[in-house]
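Numbers -18 to 554, taken from the numbering used here, label the letters of the sequence shown in order. The structure under discussion appears below in the form of structure tokens.
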Amino acid sequence: MNPSTALARVLVDELARCGLSEAVVAPGSRSTPLALALAAHPDVRVHVRVDERSAAYLAVGLARTQRLPAALVCTSGTAAANFHPAVLEADESGVPLLVLTADRPPELRGTGANQTVDQIGLFGSAVRMFTEVGTPEPVAGMTAYWRSLACRAWSAAGTERPGPVHLNLAFREPLVPETALPAPGESPSAADPVAEALAAADDWPEPLIGRPSGRPWIARHAAPRGPEPVELPAVERGVVVCGDGDYDPIPYLALAAQTGWPLLAEPTSNARRGDAVSAYRHLLASPRFAAEHEPELVVTAGRPGLSRQLLAYLGRAERHFAVGTGRFADPVRTATDTVPAVAAPAGARPDTGWARSWREAERRARAAVDGVLDAEEALSEIRLARDLAAQAPNGTLLFAGSSMPIRDLDAAMSARCGARIIGNRGVSGIDGTVSSAVGAALAHQRAGGGGGYALLGDLAMLHDQNGLVLGLGEPRPDLALVAVNNDGGGIFSGLEQAGHPRFERLFGTPHGVSMERVAQMADVPYTHLEWASDLPKALLGEGLRIVEVCTGRADSAALRRTVQQAVEAALED
């Protein structure tokens, strides 16, 4: 067995023992040993994408949804550089990722050799761990080194502070094994062709096999219990804020129920359920309401930051408890205390004047929002977000695109259970959203979940058209991509740039492209949707498909202002 093949097969075998089940491969020559080893392993599902940026975001979607590291493989050169945006997203949002970049051996670096760049520490501080693995050699000690390294990488990617890990692997030729392994299922006699090939390798100075019974080289044992919660001060005017993040929302729902403190939950916190205040964005945008409802204490979980109103509100509290272990979110530096977990104050009473005031405000604001949106049958951007979130069946995965889609969900979505809502909120870019949604739906449905939906803007769709290009035989998700096409960047129409004379070209960025043309490029079904009553029918179907809703940027901005005015009028009555 040649050294490059040995390294790749040992590494893949050990990662699979740790729990690796999803891998994304961007084709290339230098990464051949890794690609072949992954494709032959029966416990790893391999996805192939021709665009490295799309491949990387696909891996982010897979890993985010399954809450386990996904492997990401590419060849040397600019291929690895195309992973960088997704690595940044994984870093900031805590998504476990194993980035395996193939490289030229040391003797070819710095010589002008083809497809060779400096890949050492390529992703800087964005990774939890970086290792230059070294060129494989048939010497004693390699088995323990490679297998223990795989376990360390797996642990670094997915334990206390999940995130990306980068292993740079230099492969010398030959890159192709002397004997090809059968693909999973091709050989009934070989339950695990990779493990069998390693056991049969008799041309190495030591056995290449792993621990008996398929256990990892280094078994990691979880701590027996979680952190002790800190009892919060006994105050009446408390507020619970759940920002973006993959954490258990139940303790914060319980805290709100025990204390009567309003729960303000961003959609991707998955805490907007039960009695959560769904119209908080509009309430806090009312200067009078915000002034009359200054809190004594705020508890934040996850990463709040979807609205300026909420961030400004955090600074009004005398005490701000930010929940987190090691790293905690404090975007406006208002935190006064950081705690690993929280508990309601002893003797807390939920039925207070503060609680009743918030409930009444929520009732009025909710009615005002729905009244404005229901007045027109034609689908607006904000009504589409509300109705999609409400009508998606239980068991659904809803991927929210950055820019206006996630903000419209935040503004209009009612509290509900039964749907998991995620998005790329780490860096909040519009890049890679199609690929991330595809990966998320694939992982969700592999785990037995229901259909997938994604609410995206037109620029996000155009930015990641390659995410729709799936080769023959590739796993395909049940995913409806609901695209809002307002011919440009809608978010800027509500910002200060909107009044600039060069606004349209520099910020509006009209493109004139119909999503039907995008669907034709990728050969996926397409539906044009105009009326709200047709949404349930448009969402029906199977496989990857596009549903387009055309809107006007100026009209949408005006409608959002009308909704806010209606809420403020309802609060005055």
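For each residue, glycine too, the CB sits at the ideal point set by N, CA and C. Computed from a predicted model, the values in this text were never measured in an experiment.
- Message: According to DSSP, is Cys55 part of a helix, a strand, or is it coil?
- Response: The residue labelled residue 55 in the question sits at position 74 within the sequence shown. Of the three classes helix, strand and coil, the one that applies to Cys55 here is strand, per DSSP.
- Item | At least three beta-carbon pairs within less than 8 Å, the segment 392 to 405 to the segment 364 to 379 | yes
- Item | Top-ranked residue by Cα proximity to Arg128, from Met(-18), Glu209 and Val114 | For this step, residue 128 is matched to residue 147 along the sequence shown. Of the listed residues, the one whose Cα sits closest to Arg128 is Val114.
- Confirm, please, whether the CB-CB distance from Pro145 to Leu78 is below 7 Å. Position 97 of the sequence shown, counted from the first residue, corresponds to residue 78. Position 164 of the sequence shown, counted from the first residue, corresponds to residue 145. Yes, Cβ-Cβ distance for Leu78 and Pro145 is below 7 Å.
- Expressed to the nearest angstrom, what Euclidean distance is found between the alpha-carbon atoms of Glu523 and Pro506? Working through the sequence shown from its first residue, we reach residue 523 at position 542. Working through the sequence shown from its first residue, we reach residue 506 at position 525. If I take the Cα positions, the gap works out to 10 Å.
- Please confirm whether Ser599 and Asn447 have their CB atoms less than 7 Å apart. Since the displayed the chain opens at -18 and closes at 554, residue 599 lies outside it and no answer follows.
- Query: What runs of the alpha helix (DSSP H), each 4 residues or longer, lie entirely inside the segment 70 to 157?
  - Reply: 123 to 139
- Compare the beta carbon distance of Pro243 and Val258 with 7 Å and say whether it is the shorter of the two. Here residue 243 refers to the residue found at position 262 when the sequence shown is read from its first residue. Here residue 258 refers to the residue found at position 277 when the sequence shown is read from its first residue. Result yes, Cβ atoms of Pro243 and Val258 sit closer than 7 Å.
- Query: Distance, Cα to Cα, Glu209 vs Ala260?
  - Reply: Residue mapping note: residue 209 aligns to position 228 of the sequence shown, counting from 1. Residue mapping note: residue 260 aligns to position 279 of the sequence shown, counting from 1. Rounded to whole angstroms, Glu209 to Ala260 spans 33 Å at the Cα level.
- Can you grab the Cα-Cα spacing for the pair Pro456 / Pro326, in whole Å? Position 475 of the sequence shown, counted from the first residue, corresponds to residue 456. Position 345 of the sequence shown, counted from the first residue, corresponds to residue 326. Cα to Cα, the separation comes out at about 50 Å.
- Task: Hey, could you find the ends of the beta strand (DSSP E) Asp318 is sitting in?
- Result: Start at 1 with the first residue of the sequence shown, and residue 318 comes out as number 337. From DSSP, the beta strand (DSSP E) with Asp318 extends over Asp318 to Val320.
- Query: Taking just the CA atoms, how far does Ala396 sit from Asn251?
  - Reply: In the sequence shown, the residue the question calls residue 251 occupies position 270. In the sequence shown, the residue the question calls residue 396 occupies position 415. Distance between the alpha carbons of Asn251 and Ala396 is about 10 Å.
- Tell whether a beta-carbon distance below 7 Å holds between Pro205 and Gly139. Sequence index remark: in the sequence shown, residue 205 carries index 224 (1-based). Sequence index remark: in the sequence shown, residue 139 carries index 158 (1-based). For Pro205 and Gly139, no; Cβs fall outside 7 Å.
- Task: With DSSP as the reference, label His22 as helix, strand or coil.
- Result: Numbered from its first residue, the sequence shown carries residue 22 at position 41. Of the three classes helix, strand and coil, the one that applies to His22 here is coil, per DSSP.
- Query: So what's Tyr507 in DSSP terms, helix, strand or just coil?
  - Reply: If you number the sequence shown from 1, residue 507 lands on position 526. Tyr507: strand per DSSP, three-state reduction.
- Item | Nearest-angstrom Cα separation, counted from Gly404 out to Ala424 | Walking along the sequence shown from the start, residue 424 turns up at place 443. Walking along the sequence shown from the start, residue 404 turns up at place 423. Going by the C-alpha atoms only, they are around 14 Å apart.
- Task: Determine the direct distance from the alpha carbon of Ala215 to that of Arg269, and round the result to whole angstroms.
- Result: If you number the sequence shown from 1, residue 269 lands on position 288. If you number the sequence shown from 1, residue 215 lands on position 234. Their Cα atoms are separated by approximately 26 Å.
- Can we say the segment 18 to 36 touches the segment 405 to 420, given the rule of at least three CB pairs closer than 8 Å? yes
- Task: Give the range of the alpha helix (DSSP H) segment to which Cys531 is assigned.
- Result: Here residue 531 refers to the residue found at position 550 when the sequence shown is read from its first residue. Run containing Cys531: none in the alpha helix (DSSP H); it sits in the beta strand (DSSP E), Leu525 to Cys531.
- Item | Cα-Cα separation, Arg90 to Ala83 | For the purposes of this step, residue 90 is identified with residue 109 of the sequence shown, where counting begins at 1. For the purposes of this step, residue 83 is identified with residue 102 of the sequence shown, where counting begins at 1. Cα to Cα, the separation comes out at about 13 Å.
- Continuous alpha helix (DSSP H) stretch holding His492: start and end: Taking the sequence shown and counting its residues from 1, one reaches residue 492 at position 511. From DSSP, His492 is part of no alpha helix (DSSP H); its letter is neither H nor E.
- Does DSSP classify Phe488 as helix, strand or coil? Residue 488 sits at position 507 when you count from the first residue of the sequence shown. Three-state DSSP puts Phe488 in a helix.
- Starting from the Cα of Ser10, find the closest Cα among Ala392, Thr56, Ala40 and Ala(-11) and give me that residue. Taking the sequence shown and counting its residues from 1, the one referred to as residue 10 is at position 29. Comparing Cα positions, the closest option is Thr56.
- Query: Is the Cβ-Cβ distance between Cys(-1) and Pro197 less than 7 Å?
  - Reply: As a first step, residue -1 must be located in the sequence shown, where it is residue number 18. As a first step, residue 197 must be located in the sequence shown, where it is residue number 216. The answer is yes: Cβ separation under 7 Å.
- Message: For a test of the three-state rule: what should DSSP assign to Trp198, helix, strand or coil?
- Response: The sequence position of residue 198 within the sequence shown is 217, counting from 1. Correct three-state label for Trp198: coil.
- Task: Report all residues from its chain with a CB closer than 8 Å to the CB of Ser495; omit the five preceding and five following residues, and keep chain order.
- Result: As a working note, residue 495 is residue 514 in the sequence shown. So the list reads Asn466 and Glu529, once near-sequence residues are dropped.
- Ala329 and Thr240: beta carbons closer than 7 Å? What you label residue 329 is simply residue 348 of the sequence shown in a count that begins at 1. What you label residue 240 is simply residue 259 of the sequence shown in a count that begins at 1. In this structure, Thr240 lies closer than 7 Å to Ala329 by Cβ.
- When Gly195, His28, Ala(-11) and Glu(-5) are compared against Gly454, the one with the closest alpha-carbon: Numbered from 1 along the sequence shown, position 473 holds the residue referred to as residue 454. It is His28 whose Cα lies nearest to the Cα of Gly454.
- Item | Gly433, enclosing beta strand (DSSP E) - first and last residue | Mapped onto the sequence shown, residue 433 falls at position 452. It spans Gly433 to Gly438 - the beta strand (DSSP E) in which Gly433 sits, taken as one unbroken run.
- Query: So the alpha helix (DSSP H) His301 belongs to, where does it begin and stop?
  - Reply: Counting from one through the sequence shown, the residue named residue 301 turns up at place 320. That residue, His301, is in no alpha helix (DSSP H); its beta strand (DSSP E) goes Arg300 to Val304.
- CB-CB under 6 Å to Ala322, same chain, minus the five flanking residues each way: which ones, in chain order? Locating residue 322 in the sequence shown gives position 341, counting from the first residue. Excluding positions up to five away in sequence, the list reads Pro208 and Pro210.
- Whose C-beta lies closer than 6 Å to the C-beta of Leu264 among residues of the same chain, with five residues either side of it excluded? Position 283 of the sequence shown, counting from 1, holds the residue named residue 264. So the qualifying residues of the chain are Phe270, Ala342 and Ala346.
- Query: Can you give the beta carbon distance from Arg542 to Gly489, rounded, assuming they're within the 8 Å contact cut?
  - Reply: If you number the sequence shown from 1, residue 542 lands on position 561. If you number the sequence shown from 1, residue 489 lands on position 508. That belief does not hold up - the Cβ atoms of Arg542 and Gly489 are roughly 18 Å apart, past 8 Å.
- Task: Take the Cβ of Ala44 as the centre, count every other Cβ of all protein chains shown within 10 Å, and call the residue buried at 16 or more, exposed below.
- Result: As a working note, residue 44 is residue 63 in the sequence shown. Its Cβ being crowded by 16 or more others within 10 Å, Ala44 is buried.
- Task: Would you identify the three-state DSSP class for His481, choosing helix, strand or coil?
- Result: Locating residue 481 in the sequence shown gives position 500, where the first residue counts as 1. In the structure shown, His481 sits in coil (DSSP, three-state: anything other than H, G, I, E or B).
- Query: Comparing alpha-carbon positions, which option in Ala71, Gly452, Arg340 and Cys223 lies nearest Ser106?
  - Reply: Within the sequence shown, numbered from 1, the residue matching residue 106 stands at position 125. The residue with the shortest Cα to Cα distance from Ser106 is Ala71.
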